[in-house]
Structure formats: C-alpha cells, structure tokens
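Colleague: Chains as they are written, first to last, in the working numbering: chain A, 1 to 421; chain B, 1 to 421.
Yeah, the Cβ is synthetic: ideal placement off N, Cα and C, and Gly gets one too.
Dropping the structure in here first, questions after.
2 protein chains.
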Amino acid sequence: MDLTAAGAAALDRADELAAFRQRFAIPDARLIYLDGNSLGRLPLDTRTRLHALIDEEWANQLIRGWGNGWFEAAERIGAKLAQVVGALPHEVLLADSTSVNLFKLCVAALRAQPGRHIIVTDALNFPSDLYVLQGVLQLLGHPPDALRIVPTADGISVAPAALAAAIDEQTALVMLSHTAFKSGFVHPLAEITALAHARGALTLWDLSHTVGAVPVELHAAHADLAVGCSYKYLNGGPGAPAFLYVHEDLHARLQNPIQGWIGQLDPFAFEPDYVPQPDLRKFLTGTPPVLSLMAIEPALDLLLEAGLARVRAKSLRQTEYLVALWEQQLEPLGYRLQSPRNAQQRGSHISLGHLHALGIDRALIEELHVLPDFRAPDNLRLGIAPLYNTFAELHAAVQHMRTAVLEQRYVKYQDQRPLVT
Amino acid sequence: MDLTAAGAAALDRADELAAFRQRFAIPDARLIYLDGNSLGRLPLDTRTRLHALIDEEWANQLIRGWGNGWFEAAERIGAKLAQVVGALPHEVLLADSTSVNLFKLCVAALRAQPGRHIIVTDALNFPSDLYVLQGVLQLLGHPPDALRIVPTADGISVAPAALAAAIDEQTALVMLSHTAFKSGFVHPLAEITALAHARGALTLWDLSHTVGAVPVELHAAHADLAVGCSYKYLNGGPGAPAFLYVHEDLHARLQNPIQGWIGQLDPFAFEPDYVPQPDLRKFLTGTPPVLSLMAIEPALDLLLEAGLARVRAKSLRQTEYLVALWEQQLEPLGYRLQSPRNAQQRGSHISLGHLHALGIDRALIEELHVLPDFRAPDNLRLGIAPLYNTFAELHAAVQHMRTAVLEQRYVKYQDQRPLVT
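As structure tokens, this is what we get:
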C-alpha cells in the first residue's frame with residue numbers, strides 16, 4: 001500500500017463515492033472532521049429542506065403542516081430507514097431519544113416474559129444503555145444482579161462464546177451495542193440472535209454506531225428489537241430523534257409502557273381510555289420535534305442514493321488504510337490500536353490509545369485543524385464517514401497526530417478536560 | 001362595548017402590545033389564525049436563530065456546538081421559562097415530550113409514596129394525559145380504578161369541592177390540566193394544591209394550555225410537579241420539546257425511572273453505574289433534539305420582553321370582546337358558549353359549540369381564511385394569542401362564522417373529518 005500523500009490522492013481519484021462530499025456543507029475546507037460518528041455533517045439538501053420547513057411550512061401552513069406530511073413523518077422516514085437496517089417498512093419508526101426507546105422496548109420485553117428477568121449485556125455497551133437497564137430492573141422490582149455484564153478480556157471485543165455462557169433459561173433479554181462505541185468492535189448479530197433464541201431469550205440491539213455505516217439484516221436474522229440514533233452516520237442533525245425497530249411477529253405481543261397521544265388508535269377521537277394502535281405505532285408516545293425529525297429525511301435519501309453497500313466497502317478500505325498508516329507512522333510514537341485488527345469485525349471508527357490522548361485531542365482541535373473525539377481515559381476516536389471523508393484527510397490527520405507527539409503539543413492541554421468531549 | 005369594525009380598530013389602536021405582531025412571520029396577511037393554542041406562529045427572531053444554527057453552528061462548529069451552548073440549553077432555556085411559570089431558575093428543564101415527562105414525574109411521585117397509589121384527575125384533562133396515567137398505574141401493578149376521574153357537571157368546569165371529595169389518605173397524586181384543552185376552564189392552582197397537601201398528596205399540573213397565556217406561581221403555591229408543551233402560546237415551533245418542573249424540596253427525594261446519559265452526574269466519565277445528578281438534571285434522559293430545542297429560546301425572549309402580565313391583560317380583554325361578539329352575533333345562529341363566562345376562570349381560548357361545528361370548521365379554513373380548530377364532537381376552538389392576534393381579526397372571524405351558517409357553507413364539508421384536526 002502506498003502510504004504517501006500521493007498514494008492517498010490516488011485512492012481518492014479511484015473512489016466512486018468521491019462526488020458525495022460535494023453534497024455536504026463544508027464551510028471550512030481546512031478542517032479534517034473525524035467525528036462524524038458523533039455528529040454527522042450537514043447535507044446541503046437538508047439545509048434547503050429545513051429552510052423551507054421553517055419559512056414556508058411553519059410560517060405559512062402553520063397547523064396545517066400536520067396534515068401535509070408532519071403527522072406521518074415518523075412512519076415515512078422509518079420506512080426509509082428500514083432499508084438501511086434490513087427491516088420491513090412497518091418495522092421501524094422514528095421517535096424520542098435512543099434512551100427513551102431503549103426504556104420502552106426493554107420494559108416491554110421484560111413484561112412479556114413473566115418467568116424471566118435476567119438481562120445479559122457486555123462491558124462494551126454504551127454506559128447510558130446500562131443506566132437505562134439498571135433503571136428498568138429496579139422499576140420492575142428485580143435485583144441489581146439481574147443485569148449480567150459479560151466482561152471483555154482485551155478491552156476491544158467480546159466473543160459469542162462468552163455471551164453464550166451468560167445466557168440461560170432465566171434470561172429475558174440480550175441487550176448489546178452492535179458496534180461498540182469505544183473500540184468499534186461489531187458483534188455477529190445473526191449468530192448472537194440465534195444463540196439467544198435457542199435459550200428462549202429476546203434480543204435488543206443498540207445500532208447507534210452501526211446505522212448508516214455497517215449493514216445489518218434485522219428481519220432476516222429475526223432480531224427482535226433494536227434502537228439507535230440518527231445523528232451519527234445518518235447525518236440527521238444534532239440530537240435528531242432516534243429510531244426503534246420491533247420485528248413484526250412481536251407487534252401484537254408487546255406493550256408500550258409510555259402510553260401516549262400518537263400511539264392511540266384514533267388520536268383525534270379524544271376518547272378517555274387508551275386503545276393502542278394494533279401495529280408498531282403503539283410505540284409512539286408524544287408529539288415529535290418536527291424540525292429535528294424532518295432533518296433526517298434528506299440525509300437518509302442521500303445515503304440511499306449512495307447505497308449502503310458502497311458506503312461499507314469504502315469504509316472498509318478507509319479503516320484498513322488508516323490502520324496501515326498507524327502501524328507505520330503512529331505506533332512508533334506510542335499510539336496503540338484499540339480497535340479490532342480484522343476489518344470485518346469493526347465499524348467505521350478506529351480507536352487509538354495514547355498516554356497523552358486527552359492533550360493530543362485538544363492540540364489536534366485547537367492547533368492542527370483535526371477534529372476527532374476523546375473517550376476517557378486514554379482513547380482517541382477517529383470516525384470515518386465515507387460519504388465525505390477522503391483518504392487525503394486520513395493521511396493528513398496522521399501527520400498531524402505525529403506532530404502533536406513529536407512537538408509535544410499535548411503538554412499545554414493535558415489537564416484540561418472540556419465539558420463535552 | 002362598540003362591536004362594530006370601527007370599534008375593533010379603536011381597540012387595536014389602544015393596544016400597547018400591538019407592535020409585537022410585526023415580530024412574527026405573517027406571510028399571508030389575509031389569514032385569521034386562531035390556532036396559536038395548537039401551534040404558535042414563527043417569531044422572526046426564531047427564523048434568524050434557526051438559520052444561524054443550521055448554517056453556522058451545525059455546518060461549521062459541528063460537534064463543538066455541544067460545548068458552545070447546546071449542552072446547557074435545557075437548563076438555560078428552563079431558567080427563562082421558570083419566569084413564566086413562577087418557578088425558581090433551577091426548578092424547570094426542557095426535555096422530551098409532555099407525555100414522556102408526565103410519565104417520568106408520575107412514576108417518580110408514586111414510587112416516593114409507597115403507602116399511596118390513587119391518582120385523582122378530572123374529565124376535563126387531556127385524554128392522552130389519562131393514557132399516560134393508565135399506563136403508569138398498570139406498570140406499577142395498581143388496578144385501573146386507582147385512577148379516579150372526577151366528572152364535570154356542565155362539560156366546562158369542575159369545582160374544587162368535587163376534587164376535594166375525591167382526595168383521601170390513599171391519594172398519591174392529584175394530576176390535572178391547569179387550563180382545560182376543550183373548555184379553557186382554569187383550575188385555581190394554589191387552592192387545589194393546598195387541598196391536596198392537606199391530605200398528604202402531591203400535585204402534578206399539565207400547563208400546556210396555560211404557559212405563556214395564564215400566569216401561575218408554581219413555587220409560591222408550593223406546587224410539587226408540572227409539565228407542559230412549548231409549541232402553543234410559547235411559539236416554540238412544531239413539536240418543540242416539553243418542559244418539566246419539580247419543586248426544589250423534592251429534587252433529592254424523587255427518582256427518574258428513565259435513567260439516561262444526560263442525567264448522569266458526569267456523562268463524560270463513561271462509568272458503568274448510574275449516579276444521578278443531585279438536582280433536577282437527574283430528570284434529563286437522552287440527547288435533546290437541538291434544532292427543535294433551540295427554537296424555543298428566541299420565542300421565550302420575545303414573551304419576556306412583552307411581559308406575561310401584559311399578555312394576560314390583553315388576553316382577558318380579547319376573550320371578553322369575543323364573548324360579547326358571540327352573544328350579540330353568534331348565539332342567535334346556534335353557537336353555544338362552551339367556555340366559562342367568567343373571564344378569570346378561563347385561559348386564552350374560547351370554545352363554541354354548534355350542531356354543524358365540523359362543517360363550519362372546514363368551511364372557515366377552506367373558503368373564509370379563518371383557521372380555528374375543531375375538537376370532537378361539536379366544538380370549535382378559537383385560540384387567541386395576544387402577541388399577534390388583533391381585535392380586528394376577532395371581529396372579522398365572527399363575521400365569517402356568521403357567513404358559514406347563514407350561507408350554509410358547512411353543508412359540503414360536514415362528513416369530512418380530516419386526519420388532523
């Protein structure tokens with residue numbers, strides 16, 4: 001592999017997705033943005049759509065906007081998102097935040113299985129998913145040890161066999177982050193789903209770091225439940241509403257604990273007793289935040305235009321390229337690879353550990369026009385969004401990471417942890 | 001009272017808030033918009049703010065936006081909203097939807113009072129609030145009759161004495177819509193709060209039809225809990241995030257059942273065990289929808305600039321004016337007043353019943369440039385937003401309502417119920 005700047009330029013010339021970068025607002029071309037796994041860039045079509053939504057729909061249609069596309073947006077956008085996660089159109093909805101959706105589905109799954117109360121997860125899961133699970137178990141009267149957290153031996157991965165050993169006939173739910181937020185490790189979804197089903201448990205996947213970057217086939221794998229956010233690789237905008245997936249076989253059996261206005265069979269009948277929608281819409285609760293919700297749609301259209309298979313193929317090339325650069329140019333400077341070596345086992349970000357990771361992160365941002373993110377205690381995450389990140393950016397970022405260490409740029413920042421990392 | 005068009009013009013000339021109408025986007029000046037109690041108009045400052053948020057903050061600051069005002073927005077805007085509901089700055093937060101907040105606070109209130117499980121509400125409450133309450137009781141293992149719904153004798157109001165008779169030593173919570181969504185009746189908040197406290201129960205108020213139109217003094221009344229939406233008289237935009245209020249005396253005692261990322265003591269420490277914030281922030285859960293959240297702030301600034309006392313004073317003048325017009329010009333045509341006659345007992349909308357209300361509603365919208373809303377089975381709601389509605393609009397709307405009946409404009413619409421009313 002040619003690891004020179006010229007080599008990067010050649011890879012960009014050969015990139016069939018290269019033109020998609022021009023579909024995003026990139027006001028500062030110097031900035032190497034490697035945090036699309038936290039907040040994706042603004043698609044130009046989204047900007048156009050939002051301006052129209054504000055200036056024409058809110059201002060002029062006013063309340064009539066609900067009858068002209070707002071009210072069904074959660075379903076309409078859900079049906080598009082279904083294509084990205086291998087679901088049927090009526091198996092996905094946009095609603096609330098990832099945590100609220102996780103709460104709803106987790107409570108529903110436990111209540112549907114009265115004889116079981118154990119939740120199996122692992123130490124790679126996003127901490128706030130654990131908080132939700134802890135809260136649900138307490139709410140339903142189960143002891144804290146009903147949450148089984150399978151440890152990770154290497155800090156990077158957890159093997160299916162380790163999970164299998166924790167799943168038993170008391171297990172109600174196996175709840176995992178499909179792609180780990182820190183290491184980027186990707187669980188084999190179909191294999192673990194089959195494992196869980198063999199012991200009579202349901203599965204609930206957090207796809208936040210998967211969706212838009214790593215293909216999954218939820219329906220074909222007969223995955224039971226899933227949630228995820230839409231502001232990372234989906235480019236839905238800051239805090240855009242999350243999604244939830246429920247396999248159609250479970251629609252009748254599960255009950256939403258947060259019964260609300262939009263999940264009612266006929267919201268405008270104003271009947272005093274709750275009668276849920278017969279389908280997935282029962283999991284809707286309150287009025288959705290329309291501005292944030294509608295922003296997701298043009299971004300999703302852009303992704304579907306590019307095609308997830310091509311996005312994944314480029315992501316694999318880019319993470320392999322970055323790992324090769326790391327091995328040659330960063331490992332000698334104390335950077336450790338904290339993501340899987342096997343490209344098939346990782347998502348679209350690479351984690352690098354370093355003794356001075358926090359200071360390096362700040363120096364990259366403040367002085368070197370590189371924007372990665374930092375995850376405590378020592379982890380730099382380099383998120384690659386194939387729709388807009390170039391090979392040249394990855395090459396340049398690595399040179400800046402060398403500079404940060406060789407010139408000890410990290411020293412002045414190393415005790416400064418900002419509010420948001 | 002001079003009920004001619006000239007009289008309306010004179011009232012508008014004398015209106016000290018008249019200039020605020022120019023602070024809103026009003027692209028169609030012919031439209032008489034009387035649905036600000038469902039979706040408030042777009043303030044011009046909000047449009048400017050949103051364009052900057054999209055084009056500069058999302059596009060250019062990207063993830064750094066979280067460190068530059070997004071992360072604390074729920075608290076910052078909450079502190080401003082606190083001024084509108086008579087709360088201390090740290091007693092109000094913006095988060096989620098009204099229903100999700102109602103769920104959180106209702107579960108918290110019941111869990112904090114193990115010996116009590118009855119919820120007292122009334123038949124004027126918004127139906128989806130009842131759905132949430134029904135769901136909470138079921139989730140916590142209480143029977144359906146733990147929800148006591150005090151009936152309304154006249155369809156318009158419920159007297160404190162009727163509520164008092166339903167509150168006993170088993171009552172955990174008195175949960176009411178402060179301003180009724182249909183009749184506009186306003187409960188005496190301090191009186192009912194004192195009633196509940198005398199029997200050891202907590203109070204939870206839905207302020208959706210109150211906030212921004214009717215002053216309340218939550219803290220002074222020692223009201224325990226409240227929720228509400230921000231897209232009606234607050235003009236926060238379609239589906240803007242809701243708010244929640246918890247009296248400071250309860251911050252330590254109550255627990256959020258939906259434990260999440262933002263309610264954690266240190267979200268960026270990524271610790272596996274949930275440790276809640278010691279204050280109200282524990283009731284935050286997931287990442288907020290930033291576009292929809294930030295839209296609330298300029299609208300709130302505008303309201304604070306106008307002053308809620310002046311807004312209420314104008315609202316009282318306008319609802320009295322509309323009732324006078326009704327009595328002279330609409331009652332003879334079969335319109336019935338379905339709101340309280342006493343101005344002090346009502347919020348900022350007037351409900352009029354009519355045998356042909358649905359057809360009249362459609363004729364007003366489709367043919368007569370008047371936009372009220374319809375609430376089944378026979379109720380036209382005329383929402384008055386004092387920041388932008390004029391007396392001339394009210395006068396003209398009444399003439400159109402006469403036309404709709406006198407010319408039988410309703411006939412062609414009377415069997416057509418649209419999706420969203």
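From the DSSP output, in three-state form, read off B:G286 for me.
Modeller: B:G286 falls in the coil class under three-state DSSP.
Colleague: With H, G and I counted as helix, E and B as strand and the rest as coil, what does DSSP make of A:W261?
Modeller: helix
Colleague: Report buried or exposed for B:R30, applying the criterion of at least 16 other Cβ atoms within 10 angstroms of its Cβ.
Modeller: By the 16-neighbour rule on beta-carbons within 10 angstroms, B:R30 is exposed.
Colleague: Short of 7 Å in beta carbon distance, which residues of its chain neighbour A:G286, apart from the five on each side in sequence? Order them along the chain.
Modeller: G260, W261, I262
Colleague: Which chain B residues are close to A:F103, counting only those with a beta carbon under 7 Å from its beta carbon?
Modeller: I258
Colleague: Opposite B:L380 in the DSSP bridges: which residues?
Modeller: B:L352, B:F374
Colleague: Threshold first: 3 residues or longer. Then list the beta strand (DSSP E) segments lying entirely within the stretch 35-118 of chain B, N to C.
Modeller: 92-94
Colleague: Straight-line CA distance for B:D301 to B:M294?
Modeller: For B:D301 and B:M294, the gap between their C-alpha atoms comes out near 12 Å.
Colleague: Quick check on this structure: which residue in A:L139, A:P267, A:D279, A:Q113 has the alpha carbon closest to the alpha carbon of A:G200?
Modeller: A:Q113
Colleague: Using Cβ-Cβ distances below 9 Å, what residues of the stretch 241-273 of chain A are close to chain B?
Modeller: P241, A242, Q255, N256, P257, I258, Q259, G260, W261, I262, G263, Q264, P267, F268, A269, F270, E271, P272, D273
Colleague: Is the beta carbon of A:E217 less than 8 Å from the beta carbon of A:G347?
Modeller: no
Colleague: Of the residues B:L234, B:Q408, B:L88, B:A299, which one's Cα is nearest the Cα of B:L368?
Modeller: B:Q408
Colleague: Can you check which of these residues, A:E305, A:D279, A:P377, A:T319, is closest to A:P89 by C-alpha distance?
Modeller: Residue A:D279 is the option with its Cα nearest to A:P89.
Colleague: Just to confirm my understanding: we take A:F374, look at its own chain, exclude 5 residues before and 5 after, and list those with CB closer than 7 Å. What are they?
Modeller: A357, L358, D361, L380, T421
Colleague: In whole angstroms, give me the CA-to-CA distance for B:A74 and B:F283.
Modeller: 11 Å
Colleague: For A:I384 versus A:L34, is the C-beta spacing smaller than 8 Å?
Modeller: yes
Colleague: Do you know whose CA, among A:Y245, A:H349, A:E16, lies nearest A:Q309's CA?
Modeller: Residue identity differs from the one stated: residue 309 of chain A is Ala in this sequence, not Gln. Of the listed residues, the one whose Cα sits closest to A:A309 is A:E16.
Colleague: Which of helix, strand or coil does DSSP assign to B:F391?
Modeller: helix
Colleague: What does DSSP give as the partner residues of A:W326 in its beta bridges?
Modeller: Listed as beta-bridge partners of A:W326 by DSSP are no residues whatsoever.
Colleague: In the DSSP output, what is A:G228 paired with across the bridge?
Modeller: A:F243
Colleague: When burial is assigned at 16 or more other CB atoms within 10 Å of the CB, is A:T4 buried or exposed?
Modeller: exposed
Colleague: Can you find the residues in the same chain that come closer than 6 Å, C-beta to C-beta, to B:D378, ignoring five residues on each side of it along the sequence?
Modeller: G353, A357
Colleague: If we count the other Cβ atoms within 10 Å of its Cβ and call it buried at 16 or more, is B:D224 buried or exposed?
Modeller: buried
Colleague: Applying a beta-carbon distance threshold of less than 8 Å, which residues of chain B neighbour A:V51?
Modeller: In the sequence as presented, Val is not what sits at residue 51 of chain A; that position holds His. By Cβ distance, chain B contributes H51, I54.
Colleague: Just mark B:M1 as buried or exposed, buried being the case when its beta carbon has 16 or more other beta carbons within 10 Å.
Modeller: exposed
Colleague: Got a sec, what are the start and stop residues for the alpha helix (DSSP H) A:R148 sits in?
Modeller: Here A:R148 belongs to no alpha helix (DSSP H); instead the beta strand (DSSP E) covers 147-150.
Colleague: Chain B partners of A:A295, CB-CB under 7 Å?
Modeller: L291
Colleague: Report buried or exposed for B:D28, applying the criterion of at least 16 other Cβ atoms within 10 angstroms of its Cβ.
Modeller: Residue environment for B:D28: exposed (fewer than 16 other C-beta atoms within 10 angstroms of its C-beta).
Colleague: Find the nearest neighbour of B:C229 within the set B:Q83, B:E305, B:V100, judged by alpha-carbon distance.
Modeller: B:V100
Colleague: Under 7 Å Cβ-Cβ, which residues of chain A neighbour B:N60?
Modeller: P27, D28
Colleague: So is A:I63 in contact with chain B if we call contact Cβ pairs under 8 Å?
Modeller: Judged by the 8 Å Cβ criterion, A:I63 is in contact with chain B.
Colleague: Chain B beta carbons: is any one of them nearer than 8 Å to that of A:Q134?
Modeller: Closer than 8 Å to some Cβ of chain B, the Cβ of A:Q134 qualifies, so yes.
Colleague: Considering Cα atoms alone, identify which of B:I350, B:S157, B:L207, B:A299 is closest to B:T46.
Modeller: B:A299
Colleague: Along the chain, where does the alpha helix (DSSP H) containing B:A9 start, and where does it finish?
Modeller: 5-13
Colleague: Please compile the residues from chain A whose C-beta is within a distance smaller than 8 Å of the C-beta of B:Y388.
Modeller: What B:Y388 touches in chain A: nothing, since even the nearest Cβ is about 11 Å away.
Colleague: Check whether the Cβ atoms of A:P238 and B:L291 sit closer than 8 Å, and answer yes or no.
Modeller: yes
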